[in-house]
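A.B. asks: Positions 1 to 231 (UniProt numbering) are the ones given, in order, by the sequence shown.
Heads up, the beta-carbon is just placed ideally off N, CA and C, and yes, glycines get one too.
I have a structure I would like to understand better, so I am pasting it below and will then ask my questions one at a time.
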Amino acid sequence: MAAPRDAEIHKDVQNYYGNVLKTSADLQTNACVTPAKGVPEYIRKSLQNVHEEVTSRYYGCGLVVPEHLENCRILDLGSGSGRDCYVLSQLVGQKGHITGIDMTKVQVEVAKAYLEYHTEKFGFQTPNVTFLHGQIEMLAEAGIQKESYDIVISNCVINLVPDKQKVLREVYQVLKYGGELYFSDVYASLEVSEDIKSHKVLWGMCSVSSLSVSVSQRSTPPCKEGGVGPL
Numbered sequence: 001m002a003a004p005r006d007a008e009i010h011k012d013v014q015n016y017y018g019n020v021l022k023t024s025a026d027l028q029t030n031a032c033v034t035p036a037k038g039v040p041e042y043i044r045k046s047l048q049n050v051h052e053e054v055t056s057r058y059y060g061c062g063l064v065v066p067e068h069l070e071n072c073r074i075l076d077l078g079s080g081s082g083r084d085c086y087v088l089s090q091l092v093g094q095k096g097h098i099t100g101i102d103m104t105k106v107q108v109e110v111a112k113a114y115l116e117y118h119t120e121k122f123g124f125q126t127p128n129v130t131f132l133h134g135q136i137e138m139l140a141e142a143g144i145q146k147e148s149y150d151i152v153i154s155n156c157v158i159n160l161v162p163d164k165q166k167v168l169r170e171v172y173q174v175l176k177y178g179g180e181l182y183f184s185d186v187y188a189s190l191e192v193s194e195d196i197k198s199h200k201v202l203w204g205m206c207s208v209s210s211l212s213v214s215v216s217q218r219s220t221p222p223c224k225e226g227g228v229g230p231l
C-alpha cells in the first residue's frame, strides 16, 4: 500500500493528466514536451498513422523507439493516450504485442477508444495492443506476468513516481532474460527543495519530481539498484 504522501501524489498526477489537461496545448510549461531530433523516416510515417486525438493528448519528452522490433513483446510504462503504443504496434507487426499501462483512467479510455481504428489503419486482422489501468509500481497487481516482455519503455513517466526504485524493481521482474529497458525522462541539474516538491502543477509538469542529473553521471545507480544494468 502506498504511503499517504505517495497516494496524494498519485491523486494529484491523475487529476492533472486526466482533468486539467485536455490537449498538449494546455501544458503550463514545456518541460515534458521536448521535441525529438533526428527521427528516422519510418518512425515519422508511423507517427503520421496515429489518430489526431491520441497525438493531441501525448505529453512525453522525446521518443522511445528502439530498433529491430519485429515480433517483440513490449511494455509501455505510463502509456497515456497510447501514442507510443500505436507507433510501436506498427513496428512489431501482427505477431508482436504492445501492452500499455497507465494510472489515469481518462487517458486509458482515450487509448482504448481507437483500438479498432488503428487495427484497421495498420492492416491487422486483430489488435496487437492491450491497454491496462494500473500503477507502474505494481505491475503484478495489473495482471502483468513475470519474464513476459522483451522490452520495457517509458516516456517521461518514471520521474512522476515517488518510489522510482520500486518501478525499476518491477521492470526487472517482467523482463525476459536479456530483455532491455529504454526510457526518456526529465533530469534536474540541482537537487529540488522539499517545499518546491509540494507544488502540484510543477510535480505534474515533471519539474520537481525529475531525476537528478548527478545520478545519471554515476553509472545509473538507480537502475543498478533496481536490478537493471546498462547496455
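Would you check if the region 78-88 and the region 60-70 touch, i.e. whether three or more CB-CB distances between them fall below 8 angstroms?
C.D. replies: yes
A.B. asks: Below 8 angstroms on the Cβ atoms is my guess for Val152 versus Leu115; work out the distance and round it to an integer in Å.
C.D. replies: 21 angstroms between Cβ atoms; not a contact.
A.B. asks: Which residue from Val110, Val39 and Val167 puts its Cα closest to that of Gln135?
C.D. replies: Shortest Cα-Cα distance from Gln135 to any of Val110, Val39 and Val167 involves Val167.
A.B. asks: Alpha carbon to alpha carbon, how far is Ala111 from Pro162? Give it in angstroms, no decimals.
C.D. replies: Each residue's Cα considered, the two are about 25 angstroms apart.
A.B. asks: Thinking C-beta only, is Ile43 closer than 8 angstroms to Tyr149?
C.D. replies: The answer is no: Cβ separation not under 8 angstroms.
A.B. asks: In angstroms, rounded to a whole number, what distance separates the CA positions of Leu47 and Val87?
C.D. replies: 6 angstroms
A.B. asks: Can you say whether Glu109 is buried or exposed, counting buried as having 16 or more other CB atoms within 10 angstroms of its CB?
C.D. replies: In summary, Glu109 is exposed, with fewer than 16 beta-carbon neighbours lying within 10 Å of its beta-carbon over all protein chains present.
A.B. asks: Quick one: is Glu120 buried, meaning 16 or more other Cβ sit within 10 Å of its Cβ, or exposed?
C.D. replies: exposed
A.B. asks: Taking DSSP as the reference, what is the three-state secondary structure of Ile158?
C.D. replies: helix
A.B. asks: On the DSSP bridge list, what partners appear for Gly82?
C.D. replies: None; Gly82 has no bridge partner.
A.B. asks: Which residues in the same chain have their Cβ closer than 6 angstroms to the Cβ of Gln173, if we skip the five residues on either side of it in sequence?
C.D. replies: Lys146
A.B. asks: With the cut-off set at 8 angstroms, would you say Asn159 and Ser184 are in Cβ contact?
C.D. replies: Asn159 is not a Cβ neighbour of Ser184, given a cutoff of 8 angstroms.
A.B. asks: Counting C-beta neighbours from all protein chains within 10 Å, is the total for Asn128 16 or more, i.e. buried, or is it exposed?
C.D. replies: buried
A.B. asks: Less than 8 angstroms between the beta carbons of residue 234 and Gly96, yes or no?
C.D. replies: Coverage of the chain is limited to positions 1 through 231, which leaves residue 234 absent and any answer about it impossible.
A.B. asks: With a CB to CB cut of under 6 angstroms and the five nearest residues on each side skipped, what residues in its chain are close to Phe131?
C.D. replies: Gly100, Val108, Ala111 and Lys112
A.B. asks: Out of curiosity, what's the CA-to-CA distance linking Glu170 and Gln90?
C.D. replies: 26 angstroms
A.B. asks: So the candidates are Met138, Asp84 and Gln125; which of them puts its Cα closest to the Cα of Val54?
C.D. replies: Asp84
A.B. asks: What is the DSSP secondary structure of Ser24, reduced to helix, strand or coil?
C.D. replies: Only weak support exists for where Ser24 lies, its pLDDT of 49 falling under 50; the value from the coordinates is given anyway. In this structure, Ser24 counts as helix in the three-state DSSP scheme.
A.B. asks: Need the endpoints of the alpha helix (DSSP H) that Leu47 sits in, please.
C.D. replies: Glu41 to Gln48
A.B. asks: Ser148 by DSSP, collapsed to three states: which one?
C.D. replies: It is coil, neither helix nor strand.
A.B. asks: Kindly indicate the opening and closing residues of the beta strand (DSSP E) around Tyr177.
C.D. replies: Leu175 to Ser184
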